[in-house]
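Encoded as structure tokens, the structure appears first; notes follow it.
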Amino acid sequence: MLLDESAVNKGENFSVISVVGFGGIGKTTLAQSIYNDEVVNKGFTFKKWVCVANDNSSEKNLLGEVFLHICENQTRASNKVQMQEKLEEKLRGKKFLLVFDDVWNSSQWDDVRVVLKCGAPGSKVIVTTRIQKVANDMGAVHDSLKYLNHLSEDHCRAIFEKRAFGSGGPDKTRDLEVIGWEIVKKCHGVPLAVKAMGSLMHSKKTINEWMTIKNSENLNVIGDNLVNVLRLSYDHLPSPVKQCFQYCAIFPKDAKMLKSDLIHQWMAQGFIPALDDLEMEQVGNDFFKTLCWSSFFQDMKVNKNGDIISCKMHDLVHDLAQSIMQKECLFAFSRADLMRNINNIGETRYLGVILDNDISINFPKDLYQAKKLRALFAYGCMRAIALMKFKFIRVLHITCNGELHLVSSIHKLKLLRYLCIQSDWIRVLPRSISQLYHLETLNIEQCSLDIEDRHSYIVHFYSNIVRCRQSAHLELPDDMWKLTNLRHLYIAESAKILKKFGRLHSLRSISPILFLGEEEDGRGIGELECLNNLCGHLRIHNMERVRDASHVRKAKLMEKGKVYQLEMVWKVRNALPRLIIRRW
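Residues 1 to 584 (UniProt numbering) are what the sequence shown spells out, left to right.
See below:
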């Protein structure tokens, strides 16, 4: 059916295939397997995955989602007609495969359908939804309407036992096997529930522990209400891991979360305990693995070394995190959305807000009522933020596509440990930033961003981190070497490396590239001498500036035992341009 060009809606070049089922049954997983299939890919010239999600946000709309995902912020559109025109330009004459994942409302389907007619014959749209009416409204006919039923009991047992009795788990005795079957029955054939329970039982070694779980009141799935099962799994997490999971409620649904960035924020919030024999980053990585194993994280992406670099949360898992945090966590997709929740702002500890695309507007004064704020993610246009109002803040992330004035009073944020500023308008950092003595992570990037559709913008931000481009040189204060607790430094490629950066003895990573300056200016390769905590991939550019072998010896590169790959780059014609050394 998917590759059948004759199977199209009457009078149109495309047809709709709907996958219907309640949450956690595997709709998205099925759609992903089709979307990534090599044979399927050969049958289409264009494909795109559009996550709609969120059943009750008035800020979201189907046309806006489709526009942002397909046009990928490469074009601007201020109204419905412009979005439709840009979409037609992108899709006209192409045989496309589009997936609209987790659709709750079909009210704007006609606005999208009229655009899709311009595709080549045989184009397909796959829709996943929990609501049959949505599937019907979007044009799925009987033969193209697929209902996902519960997994068979045998299949569920196989999934459960693979996790519960896997390496490091309890021995598979007859008693535990029988109890496990009873637990599986209470999962009612829902894959997400089976995986979560299998992971939970892996850590339980005795019959009494298994019986306690089996008899738990939460282990009673009714219809599509899986939150109780997920809550049971959450209740058995170690306390520090619970804090790390709760924090993830700050991110919107379907956001791709970078593992390293997430761990650095956990560290900043004090969720990661300091252990004598392990780095905090290692402990955070263990917590991350625990959440992956427990099915709280999914859609993991790995690098070429097999290490996980990013993940997402299932929407039901996200619902659980939000239900736990309640008033302590708020994400507002607009000022209007913010004002609807302003009465609870005094209790908010973690806040994300997308502001209007108007450079004349200041940061909303209403937010200064959030006296308990520990983390602030602000996106959009703002001229200035009275940061001193948030004296307890530990994580500050600002993405601004307008003029941004960082006030000199930023040094008053004595507890700040994580600072990320992404703006194409920022040229100079205030000198007082060098007085943030507890700062652990500093990310200063210059970028060019448009913010049109609010929810999709933030999802795309986390999916792509940011589309950075080189701009005018970013000036960094000369005395930033005073940030002696700094562990992770990310600066725009257009910025000069810090003077005397060799005094930052706590540094674990410098990214993306270390551009060398002159040795006598405190920016040479010799500054690496005492940075023996550096780890991962170290890239050093401008090696042609190294004029004396003694400076290389001073750097003691061979003593950087935690660096697994060293890359050195020269800008010299007719010479070795790049040398990569890997540690085996």
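Glycine included, every Cβ here is placed at the ideal spot set by N, Cα and C.
Computed from a prediction, not measured in an experiment: that's the story for all the values here.
- Along the length of the stretch 470-550, whole beta strand (DSSP E) runs at least 3 residues long occupy 488-491, 509-511, 536-541, reported in chain order.
- Counting along the chain, W49 sits inside the beta strand (DSSP E) bounded by residues 46-51.
- Listed in chain order, the non-local C-beta contacts of S18 below 6 Å within the same chain comprise V127, A135, A140, L145, local neighbours out to five positions each way being set aside.
- The Cβ atoms of K94 and T45 sit closer than 8 Å to each other.
- Judged by beta-carbon spacing, K259 lies within the 8 Å limit of S310, meaning their Cβ atoms are closer than that value.
- A Cβ-Cβ distance of about 6 Å is found for the pair G180 and A164, placing them in contact under the 8 Å criterion.
- When the five nearest sequence neighbours on each side are left out, the beta carbons in the same chain lying within less than 6 Å of the beta carbon of T399 are those of Y379, Q422, in order along the chain.
- Annotation for A375: the continuous beta strand (DSSP E) segment containing it runs 375-380.
- K560 and K289 have their C-alpha atoms some 26 Å from each other.
- If you look at M300, you'll find it in the beta strand (DSSP E) that goes 298-302.
- Within the stretch 73-122, the runs of beta strand (DSSP E) at least 3 residues long that lie entirely inside it are, in chain order, 96-101.
- Looking from the CA of N13, the closest CA among L91, E161, N41, G26 belongs to L91.
- Annotation for T399: the continuous beta strand (DSSP E) segment containing it runs 395-400.
- Residue K195 holds the alpha-carbon nearest to the alpha-carbon of S233 among K195, N208, T206.
- With a cutoff of 8 Å on beta-carbon distance, K556 and R523 are scored as not near each other.
- In the three-state reduction of the DSSP assignment, G26 falls in the coil class.
- Residue range 308-312 is occupied by the beta strand (DSSP E) that includes C311.
- In this structure the stretch 98-116 does not lie against the stretch 146-155, because fewer than three pairs of beta carbons, one per stretch, are closer than 8 Å.
- If you draw a 10 Å sphere on the C-beta of D137, you find 16 or more other C-beta atoms in it, and that means buried.
- Scanning its chain for C-beta atoms nearer than 8 Å, with the 5 sequence neighbours on each side dropped, one finds around M339 the residues D366, in chain order.
- Per DSSP, Y437 is not a residue of any alpha helix (DSSP H), being assigned neither H nor E.
- When DSSP reads this structure, V125 sits in a beta bridge with V16, L98.
- For V428, no beta strand (DSSP E) run applies, since DSSP gives it neither H nor E.
- Judged by DSSP secondary structure, G284 falls within the alpha helix (DSSP H) whose first and last residues are 280-293.
- Per DSSP, reduced to three states, the secondary structure at G352 is strand.
- The alpha carbon of M543 has as its nearest neighbour, out of D171, C535, H537, V572, the alpha carbon of V572.
- Straight through space, the alpha carbons of K301 and R335 are spaced by roughly 33 Å.
- The beta carbon of W210 sits closer than 7 Å to the beta carbons of L176, I179, M201, K204 from its chain, once the five residues preceding and following it are set aside; these are given in chain order.
- Collapsing the DSSP output to three states places I345 in a helix.
- Per DSSP, Q246 is one residue of the alpha helix (DSSP H) stretching across 239-247.
- Apart from the 5 residues on each side of it in sequence, I342 sits with its Cβ closer than 7 Å to the Cβ of D366 in its chain, given in chain order.
- Ranking T29, E38, V39, G43 by CA distance to the CA of C51 puts T29 first.
- Residues of the same chain with a CB within less than 8 Å of the CB of L415, apart from the 5 flanking positions on each side, are K391, F392, I393, R394, H438 in chain order.
- DSSP places V184 inside the alpha helix (DSSP H), whose first and last residues are 174-185.
- Listed in chain order, the non-local C-beta contacts of Q108 below 8 Å within the same chain comprise N61, L62, L63, local neighbours out to five positions each way being set aside.
- When Cβ pairs closer than 8 Å are counted between the two stretches, the stretch 269-288 is seen not to touch the stretch 322-331, the count staying below three.
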